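Student: Each residue of the sequence shown is one higher than the one before, starting from 53 at the first, in this note's numbering. Glycine included, every Cβ here is placed at the ideal spot set by N, Cα and C. Bear in mind that the values here come from a model prediction, so they are computed numbers and not experimental data.
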Amino acid sequence: MSEAAFIAGFEAPLHRSLTEPILLGGAPRTVAIANGTLAAAIGLGLQLWLPGIALWLIGHSLAVWGARVDPQFMPVFARHLKHRPLLDV
53 MSEAAFIAGF EAPLHRSLTE PILLGGAPRT VAIANGTLAA AIGLGLQLWL PGIALWLIGH
113 SLAVWGARVD PQFMPVFARH LKHRPLLDV
């Protein structure tokens, strides 16, 4: 587009932080926090160290894999659960 098409004052920079998902260790932030909290509750609260570590390792690995396949997989999955009867075939 030409310079005449841009009106002064009506353009703003778009920063990468506004468009990229927030990841924590490669997994979506909410999933990583929930997974870590659940694993800590099992590992520390119930004193089941090995199941807690295994749950964290498996859960975090699945979350990282899901984020690599589709960074927006959690909002899509939440929408899928919310609209399941509507989208059922």
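Tell me where the alpha helix (DSSP H) around T82 begins and ends.
Tutor: Within the sequence shown, the letter at position 30 stands for residue 82. 81-92 is the span of the alpha helix (DSSP H), which, as asked, contains T82.
Student: Which whole runs of the alpha helix (DSSP H) in the region 98-141 are 4 residues long or more, in chain order?
Tutor: Here the runs fully enclosed are 101-121, 125-134, 136-139.
Student: Would you kindly work out how many angstroms separate the C-alpha atoms of A119 and P73, rounded to a whole number?
Tutor: Indexing the sequence shown from 1 puts residue 119 at position 67. Indexing the sequence shown from 1 puts residue 73 at position 21. Those two C-alpha atoms are separated by around 9 Å.
Student: When the Cα atoms are used, what is the spatial distance from H112 to A93?
Tutor: As a first step, residue 112 must be located in the sequence shown, where it is residue number 60. As a first step, residue 93 must be located in the sequence shown, where it is residue number 41. Approximately 15 Å between the Cα atoms of the pair.
Student: In or out: G104 buried (at least 16 other Cβ within 10 Å) or exposed?
Tutor: Along the sequence shown, one-based indexing puts residue 104 at 52. So G104 counts as buried.
Student: Return the bridge partner residues of L96 from the DSSP annotation.
Tutor: As a first step, residue 96 is located in the sequence shown; it is residue number 44 there, counting from the start. DSSP lists no partner for L96.
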